[in-house]
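Numbering (the working numbering), first residue to last: 1395 to 1777.
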């Protein structure tokens, strides 16, 4: 990397970091409002609210990074045009793609970051987020069960607790199960603990027995247990029961190879695979966006009137390309055309590289001429 490359790299670094920070902050604030209601309703503090919203940032960065690099590229090239630095570099023999080398390097780093977030960081943070939300709801459910009081649940349980301990643990429990009118059961346990599971809130009982009255004879059947569980679904939200992981929680192998024995996976088979391929294709949009910005400001003739129309056009093209990616993912999920997810960013990338290439701009003679001019420029730079 020579001095000019370092200069362009330094010029783009500040607006890039600023753009990523500002865009992420704005989108983060809008998304965090959805978590504010959960935190307020369940009596949690601001530290919990900040932690929950912080876990949303990786999913935002996969969209923010390509657009931030795109915007920073436009900003830097526009400023270089305004200072006539691009004209000087062109006269010194720099080609469009050679001038774009540091910008493409930034795009490469951004693409690696997007790939890492999609394959590792995002599913990992979303799993932590789901666990934290489940723990908050479980804590609230534990508050409903108080020591020395009877608690009647809407799904057919009455629970009495002698003493409420810490972290959802209880001592001395009596649970009356009258969901079945023909068979009432009474659970008596020395200890109990309320936990949030994929099947909803579960009350785990230990060291106790189950008493059942035979309606015909009136005899009491007693079954002793060391540990059992009671599904107290009424303590949790109506949508808490799920026997699957959402797409945002899944790693790549879980997306590309869904468990077809799971009803939800079988129902959303195409959607899961399309999501997996979309994550692999996402880094290519970083290159497409950067090349769009380069083509918009370097692809045409020099203009003394400015480049407002070109910037507007490439911004519209980048937005349209991103919107098309969502449409393509929907089509791929329903029709199985997963190749479309890769073709959408790769074909424009290759086309833009061809349009910016030296081969199209004048053949091998132009290449040799510019090579001599660059060699002369390097001598001047060393001097």
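All residues carry an ideal CB built from backbone N, CA and C; glycine is no exception.
Pair within 8 Å by beta-carbon distance, residue i and residue j
i            : j            : result
residue 1749 : residue 1681 : no
residue 1410 : residue 1500 : yes
residue 1686 : residue 1746 : yes
residue 1742 : residue 1715 : yes
residue 1495 : residue 1399 : yes
residue 1624 : residue 1649 : no
residue 1679 : residue 1691 : no
residue 1601 : residue 1620 : yes
residue 1451 : residue 1414 : no
residue 1565 : residue 1584 : yes
residue 1641 : residue 1660 : no
Residue environment, residue i, which counts as buried when at least 16 other CB atoms sit within 10 Å
i            : result
residue 1405 : buried
residue 1684 : buried
residue 1617 : exposed
residue 1672 : buried
residue 1401 : exposed
residue 1633 : Low confidence applies here, because residue 1633 scores a pLDDT of 41, under 50, leaving its location unreliable and the question unanswered by this model.
residue 1751 : exposed
residue 1553 : buried
residue 1717 : exposed
residue 1721 : exposed
residue 1546 : exposed
residue 1614 : exposed
Unbroken alpha helix (DSSP H) run spanning residue i, endpoints
i            : result
residue 1450 : Segment: none, residue 1450 is in no alpha helix (DSSP H) and carries neither H nor E.
residue 1645 : Segment: none, residue 1645 is in no alpha helix (DSSP H) and carries neither H nor E.
residue 1479 : 1479-1485
residue 1496 : 1495-1510
residue 1750 : 1733-1750
residue 1716 : 1702-1729
Limits of the unbroken beta strand (DSSP E) element including residue i
i            : result
residue 1679 : Not the beta strand (DSSP E): residue 1679 falls in the alpha helix (DSSP H), residues 1663-1692.
Beta-bridge pairing of residue i - partner residues as DSSP gives them
i            : result
residue 1779 : This structure gives no information on residue 1779, because the portion of the chain shown stretches from 1395 to 1777.
residue 1599 : 1586, 1622
residue 1544 : 1554
residue 1641 : In the DSSP output, where bridge partners are listed per residue, residue 1641 has none listed.
Nearest to residue i (by Cα), restricted to the options the options
i            : options                : result
residue 1575 : 1515, 1717, 1447, 1608 : 1608
residue 1544 : 1563, 1560, 1524, 1567 : 1567
residue 1713 : 1464, 1419, 1610       : 1464
residue 1639 : 1658, 1469, 1504, 1738 : 1658
residue 1610 : 1719, 1477, 1577, 1511 : 1577
residue 1708 : 1737, 1417, 1736, 1469 : 1469
Residue i Cβ short of 7 Å to the ligand MG heavy atom set
i            : result
residue 1692 : Ligands in the displayed structure: none, and consequently the ligand MG is not present.
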